[in-house]
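Take a look at the structure set out below.
In my numbering, the protein residues as written are 10 to 405.
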């Protein structure tokens with residue numbers, strides 16, 4: 010979703026010259042599908058007992074070892090009339106806030122808004138008109154692994170069961186010339202967007218497993234810009250994890266490179282690479298845990314939210330031109346409200362129970378299973394990203 014302003018003219022030129030045909034599996038331009046189907050791509054208490062998953066450091070993918078045995082409840086055991094509990098990261102603005110508002114307004118969900126800025130989230134919820142009985146704000150700083158662990162501990166102490174986890178928060182620094190770092194020394198984009206969410210999801214999958222809610226889901230927001238089988242994904246710099254040498258080295262200059270592929274720092278590419286990691290992680294969760302737990306794992310691209318605060322670090326000209334460009338040229342514009350409804354659909358719609366899916370929406374706002382790029386769907390790369398990430402966050 011994050012794009013370079015200077016490349017808008019060249020992208021339009023490429024579109025006019027028909028360069029989208031040939032190399033792309035399903036061409037889409039900044040969220041507008043160019044395929045023949047015209048699809049649009051531009052996503053009681055919880056107790057610690059022996060019922061929890063044994064998520065030990067020795068876990069390997071199902072292709073290499075057996076996932077720890079889990080007692081899967083029968084359908085009769087899953088009947089419940091209570092509200093669902095959903096954690097949404099980055100819920101103080103943008104897509105996260107729109108999703109939290111949509112879910113809270115149904116009266117069927119208790120939304121835990123997991124945010125770095127507690128007061129900002131409280132003010133945002135109040136301004137959005139969210140009923141106090143339908144949400145709580147909890148502090149979570151994904152740029153600190155200690156904060157992630159503290160959040161999980163605090164959530165468990167609250168006594169609430171967890172039914173759905175939405176990993177939505179993201180940072181994006183497209184114009185940065187130098188990298189910034191998390192509290193643990195990782196390059197910020199991958200550290201927050203991938204590693205912080207990876208630790209959060211790995212810890213809370215235990216809580217999802219013991220939930221008695223009928224639909225338990227773990228959702229990680231993806232991006233069209235991480236998929237090189239689209240035009241948007243082919244606008245430089247393109248996502249490319251390479252052989253993961255930078256990730257293996259810890260994503261800092263002291264041990265190698267701040268970039269996953271070991272290259273020179275590029276803020277826009279770092280964001281795109283982090284989204285590839287998000288989509289690979291979702292698929293690896295599916296392979297490791299879906300069959301034994303029944304939890305649905307999914308990713309999505311809700312569309313191009315051209316007015317989102319994610320672009321706040323971009324150049325002023327981009328922020329000025331990108332929304333009308335999406336509205337009137339590509340027709341791929343999606344409002345925050347509409348995108349929030351789409352993500353809320355993946356959270357709660359009984360028809361979207363298929364696991365391991367990357368969801369998108371067409372021009373009529375109908376959901377469909379979309380195809381990921383070769384790299385973003387590579388099972389061997391997903392396995393390696395998982396294993397290296399476990400080491401980086403202290404789980405192996």
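We put the beta carbon where it would ideally sit given N, CA and C, even for glycine.
Three-state secondary structure (DSSP) of residue 383: Here the question's residue 383 lines up with position 374 in the chain shown. In the structure shown, residue 383 sits in coil (DSSP, three-state: anything other than H, G, I, E or B).
As an exercise, report each continuous beta strand (DSSP E) stretch of at least 3 residues that is fully enclosed by the stretch 358-402, in chain order. With a minimum length of 3 residues, the continuous beta strand (DSSP E) runs that stay inside the stretch 358-402 are 366-370 and 376-378.
Confirm, please, whether the CB-CB distance from residue 265 to residue 188 is below 9 angstroms. For this step, residue 188 is matched to residue 179 along the chain shown. For this step, residue 265 is matched to residue 256 along the chain shown. The Cβ atoms of residue 188 and residue 265 lie no closer than 9 angstroms to each other.
Please determine, among 210, 99 and 199, the residue with the shortest C-alpha to C-alpha distance to residue 158. By 1-based counting over the chain shown, the position of residue 158 is 149. Checked all of 210, 99 and 199; the closest Cα to residue 158 is 210.
Would you kindly check if the distance between the Cβ of residue 359 and the Cβ of residue 224 is under 9 angstroms? Here the question's residue 224 lines up with position 215 in the chain shown. Here the question's residue 359 lines up with position 350 in the chain shown. Remark: C-beta atoms of residue 224 and residue 359 approach each other more closely than 9 angstroms.
How close, in whole Å, do the beta carbons of residue 289 and residue 390 come, if the pair is a contact with beta carbons under 8 angstroms? What you label residue 289 is simply residue 280 of the chain shown in a count that begins at 1. What you label residue 390 is simply residue 381 of the chain shown in a count that begins at 1. Between residue 390 and residue 289 the Cβ distance is about 6 angstroms, and since that is below 8 angstroms, they are a contact.
So, for residue 48: in the same chain, excluding its five sequence neighbours on each side, which residues have a beta-carbon less than 7 angstroms away from its beta-carbon? Residue 48 sits at position 39 when you count from the first residue of the chain shown. Interpretation of residue 48 is limited by its pLDDT of 37, a score under 50 that renders its predicted location unreliable; the figure taken from the coordinates is listed afterwards. Taking residue 48 as the centre and dropping the five residues before and after it, the same chain places the C-beta of 42, 369, 371 and 377 closer than 7 angstroms to its C-beta, in chain order.
Unbroken beta strand (DSSP E) run spanning residue 308, endpoints: Counting from 1 along the chain shown, the entry for residue 308 is found at position 299. Residue range 305-309 is occupied by the beta strand (DSSP E) that includes residue 308.
Pull up the distance between the alpha-carbon of residue 131 and that of residue 146, whole angstroms please. Within the chain shown, numbered from 1, the residue matching residue 131 stands at position 122. Within the chain shown, numbered from 1, the residue matching residue 146 stands at position 137. Going by the C-alpha atoms only, they are around 7 angstroms apart.
Between the alpha carbons of residue 137 and residue 169, how many angstroms are there, rounded? In the chain shown, residue 137 corresponds to position 128, counting from 1. In the chain shown, residue 169 corresponds to position 160, counting from 1. Straight-line spacing of the CA atoms in residue 137 and residue 169 works out to 24 angstroms.
Expected contact under 8 angstroms - CB spacing of residue 106 and residue 113 to nearest Å: As a first step, residue 106 is located in the chain shown; it is residue number 97 there, counting from the start. As a first step, residue 113 is located in the chain shown; it is residue number 104 there, counting from the start. Incorrect: roughly 10 angstroms between the Cβ atoms, too far for contact.
Leaving out five residues before and five after residue 202 in sequence, what residues of the same chain have Cβ atoms less than 6 angstroms from its Cβ? Counting from 1 along the chain shown, the entry for residue 202 is found at position 193. Its chain contains 179 and 283 as the residues whose beta carbon lies nearer than 6 angstroms to that of residue 202, once the 5 sequence neighbours on both sides are disregarded; these appear in chain order.
Buried or exposed: which applies to residue 128, given that a residue is buried once 16 or more other Cβ atoms fall within 10 Å of its Cβ? Residue 128 sits at position 119 when you count from the first residue of the chain shown. Burial check for residue 128: the Cβ neighbour count within 10 Å stays below 16, so the residue is exposed.
Own chain residues within Cβ distance below 7 angstroms of residue 111, not counting five before or after: Here the question's residue 111 lines up with position 102 in the chain shown. The residues are 349, 350 and 353.
Mark residue 155 as exposed unless 16 or more other C-beta atoms lie within 10 angstroms of its C-beta, in which case mark it buried. Looking up residue 155 in the chain shown gives position 146. In the assembly as shown, residue 155 is an exposed residue. Its beta-carbon has fewer than 16 other beta-carbons within 10 Å.
Starting from residue 148, follow its DSSP beta bridges and name the residues at the other end. Counting from one through the chain shown, the residue named residue 148 turns up at place 139. DSSP, once it has assigned bridges, lists 124 as partnering residue 148.
Tell me the residue span of the beta strand (DSSP E) that contains residue 231. Start at 1 with the first residue of the chain shown, and residue 231 comes out as number 222. Residue 231 -> no beta strand (DSSP E), and no H or E assigned at all.
Out of 302, 271 and 292, state which residue places its alpha-carbon closest to the alpha-carbon of residue 380. For this step, residue 380 is matched to residue 371 along the chain shown. Ranking 302, 271 and 292 by Cα distance to residue 380 puts 292 first.
How big is the Cα-Cα spacing for residue 255 and residue 397? Here the question's residue 255 lines up with position 246 in the chain shown. Here the question's residue 397 lines up with position 388 in the chain shown. Using only the alpha carbons, I get a separation of about 11 angstroms.
Using the rule of at least 16 other Cβ atoms within 10 Å of the residue's Cβ for burial, across every protein chain shown, is residue 373 buried or exposed? Translated into positions along the chain shown, residue 373 becomes position 364. When all chains shown are included, residue 373 counts as exposed.
Count the other C-beta atoms from every protein chain shown that fall within 10 angstroms of the C-beta of residue 400, then say buried if there are 16 or more, exposed otherwise. Reading the chain shown from its first residue, position 391 is the one you call residue 400. It is exposed - the Cβ of residue 400 has fewer than 16 other Cβ atoms within 10 Å.
Return the Cβ separation of residue 152 and residue 285 in integer angstroms, given the expectation that the two are a contact with Cβ distance under 8 angstroms. Along the chain shown, read from residue 1 onward, the residue named residue 152 stands at position 143. Along the chain shown, read from residue 1 onward, the residue named residue 285 stands at position 276. Between residue 285 and residue 152 the Cβ distance is about 20 angstroms, and since that is not below 8 angstroms, they are no contact.
Determine the burial state of residue 141: buried for a count of at least 16 other Cβ atoms within 10 Å of its Cβ, exposed for fewer. For the purposes of this step, residue 141 is taken as residue 132 along the chain shown, with counting starting at 1. That one is exposed.
Nearest to residue 222 by alpha carbon, out of 363, 172, 246 and 134? The residue you call residue 222 lines up with position 213 of the chain shown. Measuring from the Cα of residue 222, the nearest candidate turns out to be 172.
To the nearest whole angstrom, what separates the beta carbons of residue 98 and residue 175, a pair I think is in contact under 8 angstroms? Residue numbering aside, residue 98 sits at position 89 when the chain shown is read from its first letter. Residue numbering aside, residue 175 sits at position 166 when the chain shown is read from its first letter. Between residue 175 and residue 98 the Cβ distance is about 7 angstroms, and since that is below 8 angstroms, they are a contact.
Give me the Cα-Cα distance between residue 301 and residue 307, rounded to the nearest whole angstrom. Here the question's residue 301 lines up with position 292 in the chain shown. Here the question's residue 307 lines up with position 298 in the chain shown. About 16 angstroms.
Considering just the uninterrupted stretch of the beta strand (DSSP E) at residue 411, what are its terminal residues? Limits of the chain in this structure are 10 at one end and 405 at the other, which puts residue 411 out of reach.
If you measure between the beta carbons of residue 383 and residue 234, is that distance less than 9 angstroms? Here the question's residue 383 lines up with position 374 in the chain shown. Here the question's residue 234 lines up with position 225 in the chain shown. Going by C-beta atoms, residue 383 is not nearer than 9 angstroms to residue 234.
Which residues does DSSP pair with residue 96 in a beta bridge? Counted from its first residue, the chain shown places residue 96 at position 87. Per DSSP, 121 and 174.
Name the two residues that bound the continuous alpha helix (DSSP H) containing residue 156. Counted from its first residue, the chain shown places residue 156 at position 147. Here the alpha helix (DSSP H) through residue 156 covers 154-166.
Taking the alpha carbon of residue 104 as the point to measure from, which residue in 177, 120 and 281 has its own alpha carbon closest? As a first step, residue 104 must be located in the chain shown, where it is residue number 95. Selection 177, 120 and 281 evaluated against residue 104 yields 177 as nearest (Cα-Cα).
Could you tell me which of 191, 362 and 357 sits nearest to residue 150, measuring between CA atoms? Within the chain shown, numbered from 1, the residue matching residue 150 stands at position 141. Checking every option, the nearest Cα to that of residue 150 belongs to 191.
8 angstroms contact criterion, which residue 199 and residue 134 should meet: CB distance rounded: Counting from one through the chain shown, the residue named residue 199 turns up at place 190. Counting from one through the chain shown, the residue named residue 134 turns up at place 125. The Cβ separation is near 29 angstroms, so there is no contact.
So which of 355, 297, 395 and 230 has the shortest CA-CA distance to residue 253? Translated into the one-based positions of the chain shown, residue 253 becomes position 244. For the residues 355, 297, 395 and 230, the minimum Cα distance to residue 253 belongs to 395.
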